[in-house]
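Quick note, the working numbering runs 36 ahead of the 1-based positions in the first sequence. Glycine residues also receive a C-beta, built at the ideal position from the N, C-alpha and C atoms. Take a look at the structure set out below.
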Amino acid sequence: MPADLSELQNELNPEQFKAVTQINGAFLIIAGAGSGKTRVITFRIAHMLNSGVPQSAILALTFTNKAAREMEERIKELTGKKLPLLTVSTFHAFGVRILRQDISKLGYRENFSIYDETDRNALIKETGRELRYSPEAMDIYKIGILISDIKTGRKRWNSENEMYKQLYEGYQEGLKLYNAVDFDDLITLPIKLFREHPDVLQSYKNRYKYIMVDEFQDTSHQQYEFMKLLAENNVAVVGDDDQSIYSWRGADYENIINFEKDFKDVQEIRLEQNYRSTGTILAAANGVIKHNTNRKDKELWSGNGEGKPIEIYMPENEATEADFIIETIQSICVTDKRKYDDFCVLMRANTQSRAIEEAFLSQNIPYTMSGGTSFFQRKEIKDIISYLRVISNHDDDVNLLRIINTPRRGIGRATIEKLNEIAKNLGCSLWDAINALLDVGDDEADLFMEGQAGSAPSKYDDFSDESFSEGTKQSLKAFVELIEGNKSMLGGHGLAKKVRKMVEDIRYFDYLIAENPKSEKAARFKYLNIESLIGSIERWENNPESGEPTLYNYLNRITLLSRDDMDDEEDQGKVNLMTIHASKGLEFPVVFIAGTEEGLIPHGRAVDEGGEAAVEEERRLFYVAITRARDKLLISSCKNRRHMQSTVECQPSRFLDEIPPNLVEYHEREKEVDADTALAFLQQMKKKFQAPIVPGF
DNA sequence: CGTCTCCAGGTTTTT
DNA sequence: CCTGGAGACG
37 MPADLSELQN ELNPEQFKAV TQINGAFLII AGAGSGKTRV ITFRIAHMLN
87 SGVPQSAILA LTFTNKAARE MEERIKELTG KKLPLLTVST FHAFGVRILR
137 QDISKLGYRE NFSIYDETDR NALIKETGRE LRYSPEAMDI YKIGILISDI
187 KTGRKRWNSE NEMYKQLYEG YQEGLKLYNA VDFDDLITLP IKLFREHPDV
237 LQSYKNRYKY IMVDEFQDTS HQQYEFMKLL AENNVAVVGD DDQSIYSWRG
287 ADYENIINFE KDFKDVQEIR LEQNYRSTGT ILAAANGVIK HNTNRKDKEL
337 WSGNGEGKPI EIYMPENEAT EADFIIETIQ SICVTDKRKY DDFCVLMRAN
387 TQSRAIEEAF LSQNIPYTMS GGTSFFQRKE IKDIISYLRV ISNHDDDVNL
437 LRIINTPRRG IGRATIEKLN EIAKNLGCSL WDAINALLDV GDDEADLFME
487 GQAGSAPSKY DDFSDESFSE GTKQSLKAFV ELIEGNKSML GGHGLAKKVR
537 KMVEDIRYFD YLIAENPKSE KAARFKYLNI ESLIGSIERW ENNPESGEPT
587 LYNYLNRITL LSRDDMDDEE DQGKVNLMTI HASKGLEFPV VFIAGTEEGL
637 IPHGRAVDEG GEAAVEEERR LFYVAITRAR DKLLISSCKN RRHMQSTVEC
687 QPSRFLDEIP PNLVEYHERE KEVDADTALA FLQQMKKKFQ APIVPGF
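Right, here's the structure in full:
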């Protein structure tokens, strides 16, 4: 980056220059797709550093880990400095940092667990059962959303939902008892901390004098509150209302309007020149987005040439769609000398990936799938992580329940029920209940279950004459010893090694084989995932930038990660496959949008639940998809698609009609035979050309 | 009391 | 296809 301003001025357009060099005051930077936003943010930070702002005074908040990592890397590249004190982080990760520091002030202990959605739902289910909610009333999925909405202030109690108030309170008590926080808490608890402890807030305010928020249109109300507490008046928020695609998660682009009210003398800077896409692609994007009524009016323009037409295909079903994508990739590789990583296939929903991935696999085309079911959501990974969580926080009931009998060790439902009773009566975690039981004889265990002295035992009569068999107690004891035997993981080095040893000790591979009797391959695959987890732990602990490689630090980190945050292998030379949501902020020379059908985009469920507002959000999603493309855009809409068991007929998405027709070439699908012949031919070509095409050769 | 087997249902997007 | 739950069995 050029150090002197006049040179900088040459590299940037006037608006960009202003956004980069004006650092004092409040700025609302409206940055259209492809307008060099990332460049502006990174230059801006570099410029601050050059102007003598200390790195520790800068806080840049992003939406995804990927964005944070990329931004940090680019700033380091630009400045050639190490910048260990610069804070570039997601809101959630920053929240974790704050809580790690001061959560004890809120009555939690420092080894708190972070619950993801699965954990949260398990706790809701458990709480609901304890409170005797009827099974019909327990739509966990919906209740989870309700709880999140209430917690973040998106909804209030009303006559319709107040029956869950008790459940909500029980859930909160459970979290506290287990020393756990959920994702929403990662924002709400820091806010609470700041409000109740002004001195803590002040210490952060003293440090962070310059705050920047990327993807501002996707911040939630809570996140905005959080930022507002922290910020004095040197704030720059960067966003684009047309790319707001997370309202379902509480994103509220009203924040853009509030920002102009809440901060003094807000200056608005608009970046409307697109440097990314061809004129054709941009015109298509503009044509689509202008159908939205609720938006800041703007039109992107581009100095790039007109470019190639957009192609729309109508394949028979998702299998032929996948074939079409692959054929096209192969042929563009040859004609335009493209590499595999120049391509990106976008989907609305993760479920679409299966057919496409299968085709890539069978054709031996390297690809990376980002987003998708998070690596850390996989059952086998969650199992191992649960062990680590319990080792780090014994009171974490949700994770303890997950592993207490996985692999099988003879602790079944009845035992767990009884332990639950003890825990409830003692007001303690399951771990403490187990230890209380093991510490005393059977007789006293009965006492636990009858309730404390004086309380009416009637409710627990069922249990009063039952006791724990010697075998069960042995199993429990073995479990306790296993967990305690691994406490060396908490400190010291060689975490990866210790984890590997534990996985062997619990004979997890045998368990996988037993659980997947039909397919040893599946068991192997799962085991490989665990190996890959251990590999990532190893890399993490050997990475000097990770900070102290303690188990806590590791656990705090990974709950917030998705799969592509972990993969360390090079994605170079691979076709990119991802959801549209995951593609935000990225760009590719050639983009496919697969499954552009009514019901998928706009998504049927979204329309059902959100009506016209949801259609507008889906349209923004489609807009985001289009604007990822630099050079060439291809869209496909299947005539049929397998949905669950049956095949359903599909209509092309209404958004296709919104693309100005003069930009588009429509293709009807040729006959199957032709396609097969073409594919065979392309296979031949591929073999011939493989050497020069595949990067790295 | 724990485990195994079979069956139904299904969750759009992500920190 | 995969997960989780219910019920039968040992």
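Secondary structure of residue i, DSSP reduced to three states
i: L48; result: coil
i: D501; result: Residue confidence is low: D501 scores 34 on pLDDT, short of 50, so the model does not pin down where it sits. No coordinate-derived value is stated.
i: T615; result: strand
i: H430; result: coil
i: K495; result: Because the pLDDT of K495 is 36, which lies under 50, any placement of that residue in the model is unreliable, and the number read from its coordinates should be weighed accordingly. K495 falls in the helix class under three-state DSSP.
i: N330; result: coil
i: G521; result: helix
i: I292; result: helix
i: T451; result: helix
i: V56; result: helix
i: E261; result: helix
i: N270; result: coil
i: H83; result: helix
i: H703; result: strand
i: R136; result: helix
i: S170; result: coil
i: L119; result: coil
i: F736; result: Examination of residue 736 is not possible in this model, given that the chain is present from 37 through 733 alone.
i: F379; result: strand
i: L229; result: helix
i: R666; result: strand
i: G490; result: Per-residue confidence for G490 stands at a pLDDT of 39, beneath the threshold of 50, marking its modelled position as unreliable; no derived number is given.
i: E708; result: Caution applies to E708, whose pLDDT of 44 falls short of 50 and renders its modelled position unreliable; the value that the coordinates give is listed next. It is helical.
Endpoints, the beta strand (DSSP E) within which residue i is located
i: Y200; result: Premise fails: Y200 is in no beta strand (DSSP E) and is neither H nor E.
i: S125; result: T123 to T126
i: L64; result: A62 to A67
i: Y403; result: Y403 to M405
i: V217; result: A216 to D218
First and last residue of the uninterrupted alpha helix (DSSP H) at residue i
i: G571; result: E556 to N578
i: C369; result: E354 to T371
i: V476; result: First-last for V476: undefined, no H or E at that position.
i: Y547; result: Y544 to E551
i: S149; result: Here S149 belongs to no alpha helix (DSSP H); instead the beta strand (DSSP E) covers S149 to Y151.
i: T316; result: G315 to I325
i: A649; result: G640 to I662
i: L587; result: L587 to I594
i: Y177; result: I176 to K187
Residues that DSSP places opposite residue i in a beta bridge
i: I671; result: I348 and I629
i: A688; result: The question names Ala, but residue 688 is Pro in the sequence shown. Beta-bridge pairing links P688 to E633.
i: N310; result: S338
i: S682; result: H679
i: S389; result: Partner(s): none; S389 has no beta bridge.
i: D276; result: Paired residues: none, contrary to the question.
i: A532; result: For A532, which the question treats as bridged, DSSP gives no partner whatsoever.
i: Y246; result: I94
Residues of its chain near residue i, where Cβ-Cβ distance is below 6 angstroms and the 5 sequence neighbours each way are ignored
i: I247; result: L95, A267 and V271
i: I59; result: M84
i: S511; result: R445, G446 and I447
i: P625; result: D378, R666 and D667
Sequence-distant residues of its chain with Cβ nearer than 7 angstroms to residue i (five each side left out)
i: N592; result: V132, R136 and I150
i: Q91; result: L85, L119, L121 and L122
i: T163; result: L203, G206, Y207 and G210
i: I563; result: Reading off the sequence, residue 563 comes out as Tyr, not Ile. F545 and L548.
i: P345; result: T316, L699, V700 and E701
i: D433; result: Y214, S465 and L466
Sequence-distant residues of the same chain with beta carbon closer than 8 angstroms to residue i, five excluded per side
i: L424; result: M525, V535, L587, Y590 and L591
i: R110; result: T74 and T78
Does the pairing of the region 84 to 102 with the region 123 to 136 give three or more beta-carbon distances under 8 angstroms? yes
Evaluate contact between the region 652 to 659 and the region 313 to 328, counting only Cβ atoms and requiring at least three cross-stretch pairs below 8 angstroms. yes
Should the region 329 to 337 be regarded as contacting the region 686 to 703, the criterion being three or more beta carbon pairs within less than 8 angstroms? no
Would you say the region 39 to 55 touches the region 298 to 318, given that touching needs at least three Cβ pairs under 8 angstroms? yes
Below 8 angstroms, can you find three or more Cβ-Cβ pairs linking the region 438 to 450 to the region 192 to 199? no
Three or more C-beta pairs closer than 8 angstroms, one from the region 566 to 585 and one from the region 535 to 542: is that the case here? yes
Within the chosen definition, does the region 102 to 118 reach the region 375 to 382 through at least 3 CB pairs nearer than 8 angstroms? no
On the three-pair Cβ rule with 8 angstroms, is the region 283 to 293 touching the region 239 to 258? yes
Do the region 626 to 638 and the region 348 to 368 make contact, defined as three or more Cβ pairs closer than 8 angstroms? yes
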